[in-house]
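In the numbering used here, the protein residues as written are 1285 to 1364. Virtual Cβ for every residue (Gly too), placed ideally from N, Cα, C.
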C-alpha cells in the first residue's frame, strides 16, 4: 500500500482512493470527503500565513498613519 502518511492520502484523487481501498461501501463522494479532510492541514497553514501577513499590513498601515500625523503636527502653520 502506497499510503503511509496523511500527505500521501491527500495527494490522491477520489477515484485513486477507491482503487486502493477494497471497501464495497465506499462511494466516490465519501472518498473525496476523506481526501479533503486529509488536505485540511494544507489550508490551515495558508490561513495562518494570511493572518500573519494581514497583521503585518495593519501594523505597517498604523505606523504610516502615525508618521504622517507626526509630520503634519511638526509642520509650521502657514502664514496668510
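If you look at residue 1301, you'll find it in the alpha helix (DSSP H) that goes 1298-1304.
Excluding five sequence positions before and after residue 1310, the CB atoms of its chain that fall closer than 7 Å to its own CB belong to 1302, given in chain order. Assigned with DSSP and collapsed to three states, residue 1292 falls in helix. Residue 1321 has its alpha-carbon roughly 10 Å from the corresponding atom of residue 1293.
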